[in-house]
Amino acid sequence: MDCRKCGVPISPGKLAKCSICSGVFHPACTRLKSASSFKKLRKDLREKWKCDTCVVTRTFSPTGSRKETSSDSEDEFEDPNPEDPTSDDLNKLNRNMNILMRKFDKFGEKFISMETTMGFFNEQYEEMKKSLQRVESQITEVMKQNTSLAEENKKLKKDVTDISRRTDDLEQALLSSTVEIKGIPFTTNEDPGEVVKILAEKLQIPEADRAFESAFRVFGPRNPASIRRQNEMIIMKLQNVLQKKSWFSSIRKKKDISARDLYSTLGDSKIYINERLTFRTNKLFWLSRKVGREYGYKFVWVSDGRIFMKKEEGDSRSTRIVDLDQLRKIDNKNAISELYT
Numbered sequence: 028m029d030c031r032k033c034g035v036p037i038s039p040g041k042l043a044k045c046s047i048c049s050g051v052f053h054p055a056c057t058r059l060k061s062a063s064s065f066k067k068l069r070k071d072l073r074e075k076w077k078c079d080t081c082v083v084t085r086t087f088s089p090t091g092s093r094k095e096t097s098s099d100s101e102d103e104f105e106d107p108n109p110e111d112p113t114s115d116d117l118n119k120l121n122r123n124m125n126i127l128m129r130k131f132d133k134f135g136e137k138f139i140s141m142e143t144t145m146g147f148f149n150e151q152y153e154e155m156k157k158s159l160q161r162v163e164s165q166i167t168e169v170m171k172q173n174t175s176l177a178e179e180n181k182k183l184k185k186d187v188t189d190i191s192r193r194t195d196d197l198e199q200a201l202l203s204s205t206v207e208i209k210g211i212p213f214t215t216n217e218d219p220g221e222v223v224k225i226l227a228e229k230l231q232i233p234e235a236d237r238a239f240e241s242a243f244r245v246f247g248p249r250n251p252a253s254i255r256r257q258n259e260m261i262i263m264k265l266q267n268v269l270q271k272k273s274w275f276s277s278i279r280k281k282k283d284i285s286a287r288d289l290y291s292t293l294g295d296s297k298i299y300i301n302e303r304l305t306f307r308t309n310k311l312f313w314l315s316r317k318v319g320r321e322y323g324y325k326f327v328w329v330s331d332g333r334i335f336m337k338k339e340e341g342d343s344r345s346t347r348i349v350d351l352d353q354l355r356k357i358d359n360k361n362a363i364s365e366l367y368t
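Position in the sequence shown (from 1) plus 27 gives the number in this note's numbering.
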């Protein structure tokens, strides 16, 4: 025969048999705790002995009526032998131990459930960590590519700037013998070539330097406040650079010459002769003058298509301006907004 509680075979002389369910048990597997405790019971008590399960679920009232009780109840059970105090203590102890064991079993079930849940969360955490590591690796790779692209873009910008500067230098070289004559108002049916000849006479240009290849007038946008157009000028292309220098030397000697000196019907507008500049160089020159006024540069000029700046007349060295970056370095107060648009 096997113990109903632990399933281990029992010696016939060492078993305890329940009078209710007829189940056999090791005394040690019950509230008796030992075979000797079972043997100490009187014969009639051994014959009426009930196992722990039957004691908990089949308790009788003093009148003999049957009463159902909860397996988790902590009420005291009726003593099967009131005259035996040892049996009473054992019954109470076993009953409490059974209740405690059932609570431990439930706690164990909850612990296993919690362990399963923690295992699930741990798996999710590990998966999330792997995902974050993949994302971090991808971000690192993108950052490397971005850095590489930024360096490449920087190099391309420098190459474009260099090409643009060289192109502008070539265009400026083509204008090396071309000048702009400003301050002479437009008249109906005028002949720009004839105007240039009269101006050469008034400036006393040497005969060898008066010859020119072409002369024509250009107009800027119309000024709403005046009948004259803005930046109207005569463009004169000379035969060589030496002629241009001769014209500049003569205009410096007669700084006060005006349009009225050419034609009495014209006003007193002052006549200027400047180098013909490309669009890029002309804009750079305009910005250089703004920066010069802001930061105390007394001299800003153009010579052979190149821009120079100097603070004082006695300065032995002048600064050549080749791009906007130089002007931005001078503009340490960020006062010239056009440098950053």
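Glycine residues also receive a C-beta, built at the ideal position from the N, C-alpha and C atoms.
- In the DSSP assignment, no residue is bridged to F138.
- Residue environment for D79: buried (at least 16 other C-beta atoms within 10 angstroms of its C-beta).
- In the DSSP annotation of this structure, the continuous segment of the alpha helix (DSSP H) that includes K229 starts and ends at P219 to L230.
- DSSP lists R333 as the beta-bridge partner residues of S330.
- For the alpha helix (DSSP H) assignment, the uninterrupted runs of no fewer than 4 residues enclosed by the segment 265-307 are, from N- to C-terminal side, 268-280.
- With the rule of 3 Cβ pairs closer than 8 angstroms, the segment 271-286 counts as touching the segment 296-304.
- Under the three-state reduction of DSSP, T368 is assigned to coil, being neither helix nor strand.
- In chain order, V318 and Y322 place their CB closer than 7 angstroms to the CB of I357, counting only its own chain and leaving out the 5 sequence neighbours on each side.
- The C-alpha of I262 is placed about 6 angstroms away from the C-alpha of I208.
- For I348, the enclosing beta strand (DSSP E) has its first and last residue at T346 to I348.
- Three or more beta-carbon pairs drawn from the segment 55-71 and the segment 115-125 are found closer than 8 angstroms, and the two stretches are therefore classed as touching.
- With distances taken between CA atoms, T368 lies nearest to L351 out of L351, N359 and K360.
- In this structure, V268 is the residue among S343, E365 and V268 with its C-alpha nearest to the C-alpha of G332.
- Across the structure, L42 and R73 are spaced so that their CA atoms are roughly 11 angstroms apart.
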